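Residue numbers for the sequence shown follow this note's numbering, beginning at 347 and rising by one.
No residue lacks a Cβ here, since even glycine has one placed at the ideal position from N, Cα and C.
As the structure is a computational prediction, the values presented were derived from the model and not from experiment.
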Amino acid sequence: MVDTKNQYLAIKEEVDTAIQTVIDSAAYINGKAVQDFTAHLAQYLNVNHVIPCANGTDALQIAMMALGLQPGDEVITPSFTYIATTEVVALLGLTPVFVDVDPVTYCMDFTSLKKAITPKTKAIVPVHLYGHAAPMEEILQIAKEHDLWVIEDNAQAIGCDYTFSNGVTKKTGTMGHIGATSFYPSKNLGAFGDGGALCTNDKSLADKMAMIANHGQSARYYHDVVGCNSRLDSIQAAVLDVKLKKLDSYNAARQKVAKYYSDAFANIPAIKTPAIQKYSTHVFHQYTIQLHGMNRDAFIQHLASKEVPCMIYYPVPGHLQKMFGSNTHAHLQLDVTNALTPVVCSLPIHTEMEEDQLLHIVEAVKSFIQTI
Ligand SMILES: *Cc1c(COP(=O)(O)O)cnc(C)c1O
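Written as structure tokens, this is what we have:
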């Protein structure tokens, strides 16, 4: 599905030097590499504050802690997302309210969101799923009307641009009150281990989040609020600083792969290829197709027999996960989510794909389509 080894080999010298510099400095925690990367990421995203942390799940948790949400408060998230988005809501004793997604973008559906807002709603967590932006203009507008916080889950879309109807373009993750992202190795900006970050333009939220990520500490050994221990280590920051400079070219490489697939499948009605709305670019963390009129398991088996991997993101939507028990609003109609779950399938996509690999994958897909 990904090829992190060849991506490393292409930048080996630069990355090895950066890692060696950290080792030589012995500043393994919160060293210069962390400060440099954080500053460069803020510049790249055009945002005032970036707070590094240990992973994307922590980033979401720290964001919700910083907003002072209380048990019983409702947080609206899509059901069709990675579990981390919704898990932290329940972990903090908050109530996840699952809404549906748009069948074309796979991101939060605005009509479903509108219906889910109650007097207990405190926050909305749109997810820029697979690398395409959620409809932020509408989400920000309704959040403003109801005085709700907006936390963007940007774990899959770093580098994606959103354009508002007035022509202003912003990076995903920088439009809501807080953006949370992940540097898990397979993400578009991936470390050599775990990593994550928060971003905001609000100074007081930035200070609060930095404090929470550091044991709620205001001055050394003085702890003002209950926090956690969530750090990005210097070696990961050094790797990320090198890779951040390549992020746009990495995303361009993903877009090229996506175009190859979409062109190849354009005349196959049984395959629905991903769409790109005019307000968003698409950085293709995943290339996810819908398979219609066929048996998905047989499709996957056929591809596996040709040594082509593919994955289901995600086989069980949030509202059907056992972990939530009755702590959900399962009565909400999630027709699109329920219809998408059995038909989606993600094909390999990464920055080092060669034309012969793409040709082989497309042939494998087409040879299955001929049998249906
Ligand atoms: C990867 C991911 C996360 C969590 O990131 P980790 O670094 O693995 O904790 C959260 N949300 C989404 C949508 C993700 O894809």
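Taking the continuous alpha helix (DSSP H) assigned at residue i, which residues delimit it?
i	result
Q381	K378 to L391
S528	Element bounds for S528: not the alpha helix (DSSP H) but the beta strand (DSSP E), I524 to S528.
S576	First-last for S576: undefined, no H or E at that position.
V396	Run containing V396: none in the alpha helix (DSSP H); it sits in the beta strand (DSSP E), H395 to C399.
F611	Note, F611: premise wrong, no alpha helix (DSSP H); not H, not E.
G402	G402 to A412
A650	R642 to S651
I369	K358 to S371
T451	It is not in any alpha helix (DSSP H) - T451 carries neither H nor E in the DSSP assignment.
F456	F456 to A462
Taking the beta strand (DSSP E) that residue i belongs to, which residues open and close that run?
i	result
H706	Per DSSP, H706 belongs to no beta strand (DSSP E); it is in the alpha helix (DSSP H), E701 to I715.
E420	E420 to P424
S692	V690 to L693
D499	W495 to D499
A685	Not the beta strand (DSSP E): A685 falls in the alpha helix (DSSP H), residues D681 to L686.
K468	T467 to I470
F444	T441 to V445
With hydrogens ignored, establish whether the beta-carbon of residue i is closer than 6 Å to any heavy atom of ligand 1.
i	result
A559	no
Q582	no
Y568	no
G539	no
S576	no
N401	yes
V421	no
D594	no
G542	yes
Y659	no
S550	no
D499	yes
A685	no
S511	no
A430	yes
Q502	yes
Y530	yes
N473	The identity of residue 473 in the sequence shown is Val, whereas the question assumes Asn. Yes, the Cβ of V473 comes within 6 Å of a heavy atom of ligand 1.
Bridge partners for residue i per DSSP, in chain order?
i	result
L328	No answer is possible for residue 328: the residues shown for the chain start at 347 and end at 718.
D507	K517
V434	Bridge partners of V434: none, in fact.
H628	H478
H561	For H561, which the question treats as bridged, DSSP gives no partner whatsoever.
H569	Q563
A543	P398 and T527
I723	Because residue 723 is not part of the residues shown, which for the chain are 347 to 718, the question remains open.
V473	D499
M657	S692
With a CB to CB cut of under 8 Å and the five nearest residues on each side skipped, what residues in its chain are close to residue i?
i	result
I622	H478 and H628
L486	V496, M521 and G522
E360	V588
F611	I617, T619, I635, V708 and V711
A685	P449
V435	M410, V421, T423, T441, P442 and V471
M699	D349, A599 and V603
For residue i, I'd like the list of residues in its chain whose CB is within less than 7 Å of its CB, leaving aside the five on either flank, ordered along the chain.
i	result
L494	T467, K468, A469 and I470
N575	H561
L586	F383, F529, L535, A537 and G541
T431	L406, T423, V471, V473 and D499
I558	I408, M411, A412, V571, G573 and C574
Return the chain-ordered list of same chain residues with a C-beta closer than 6 Å to the C-beta of residue i, the five sequence neighbours on each side being excluded.
i	result
T367	none
V443	E420, I422, A462 and H675
A556	I397
A583	A379, V380 and F383
L693	Y633 and C656
Is the shortest distance between the beta-carbon of residue i and the beta-carbons of chain C less than 7 Å?
i	result
L551	This model lacks chain C altogether, as it is built from one protein chain only.
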